[in-house]
Structures are given as structure tokens and as C-alpha cells.
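Have a look at the structure below, then the notes.
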Amino acid sequence: MGIKSFSRVRAIHVMLVYTGGCNGCDIEIVNSILSPRFDAEQYNVFLTWNPREADVLVVTGPVTHLNRKPLEEIYKAIPNPKLVVAAGSCALMGGVYKNCYGDIPSEEIEGPVENIIPVDAKVPGCAVRPQDVLAGVVSLLPILLDAD
1057 MGIKSFSRVR AIHVMLVYTG GCNGCDIEIV NSILSPRFDA EQYNVFLTWN
1107 PREADVLVVT GPVTHLNRKP LEEIYKAIPN PKLVVAAGSC ALMGGVYKNC
1157 YGDIPSEEIE GPVENIIPVD AKVPGCAVRP QDVLAGVVSL LPILLDAD
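Quick look at the structure:
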């Protein structure tokens, strides 16, 4: 077991990236990690704001034109294996923002997330449930812990 795997067994760092939308999913994701009800920190799952510390990237929102490049740069900065969770209907399919002009395609929305970066787990909902967010992150643990 390498030093990276040894460290990851003891703590998983989740980075949350907002790429547009209403912030409903962001609130639920932070709730799933920091609130006393779900308290993922008791299982050594922590939020981080540094991509170089992140083990799992959780992306919310439909990916606006202005957020595409920052999302790609954050993804590049994350160490391998790069694991991504797309959370919420906006991240999965553009949500209500995808066709905000009716039948005329929006030039402002570039998502869903999987059009920009590879996605390893998908968490549906509007807004996502904290239980589902935790299940999405846990589904990636075998990949994360086998990496060296």
C-alpha cells in the first residue's frame, strides 16, 4: 500500500464545485457533510477547497459558459485517480437551464457535466438528497482505495 492509498483510507476529501444553477444542491451537499444529522466527518469525509487535496470532485449546476474553463482547470489540478460525482438534475442534463429560451438552444449553458469532464457517479434529484450524495461518494471508494 502506497502513501497515497494509506492516507486515503484514513480520510476522504471532497471538493464541491458550483457551475451555475440555484445553489439548492450545494446546500444539501454541505448539509450531508457538515450537519449533525448526517455528519460525514465522523467517517473522515471532509470538504476541501483545494483541488490538490481533493479525492472526489462533486459538481453541481448546468456548467455555464463562464464556468467551463475554471471547471476544466480544477479537474486538471486534482491528483489521480480523478473521481467526479455529478449531483443534481442540472449537472446531469442541464435541468431547467438547458432550454431556458424554449426551443432555441442556449449559448450560455455548456453542460451537462459529462460533456465537459468524465463523470464516475451520478446523483439525480432537484435538489439532491444528502443520503444520495453520500451514496454517490461511497460508490467511488473502491476505485479510490485501489489506486496507488
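Start counting the sequence shown at 1057; every next residue gets the next number (the working numbering).
C-beta atoms are modelled at their ideal positions from N, C-alpha and C, and glycine is treated no differently.
Counting C-beta atoms within 10 angstroms of its own C-beta, Ile1085 has 16 or more neighbours from the protein chains shown and is therefore classed as buried. Where Val1189 is concerned, the enclosing alpha helix (DSSP H) starts and stops at 1186–1195.
By the criterion of at least three beta-carbon pairs nearer than 8 Å, the region 1064–1074 is in contact with the region 1097–1105. The region 1181–1196 and the region 1118–1131 do not touch, with fewer than 3 CB-CB distances between them shorter than 8 Å. Here Ser1091 has Pro1186 as same chain residues with Cβ atoms under 8 Å from its own Cβ, once five neighbours each way along the sequence are excluded. Val1193 sits close to Val1112, with the two beta carbons spaced by under 8 Å. For Cys1081, the CB contacts under 6 Å within the same chain, skipping 5 residues up- and downstream, are Thr1116, Ala1143, Gly1144, Ala1183, Val1184 in chain order. Closest option to Ile1173, judged by alpha-carbon separation, among Lys1138, Asn1155, Ile1165: Lys1138.
For Thr1075, DSSP assigns no beta-bridge partner whatsoever. For Phe1102, the pairing in a beta bridge is given by DSSP as His1069. Within the same chain, and ignoring the five residues on either side of Ile1083 in sequence, the residues whose Cβ sits closer than 8 Å to its Cβ are Ala1183. In the DSSP assignment, Ala1133 falls within the unbroken alpha helix (DSSP H) covering 1121–1133.
The Cβ atoms of Arg1124 and Glu1163 do not sit closer than 8 Å to each other.
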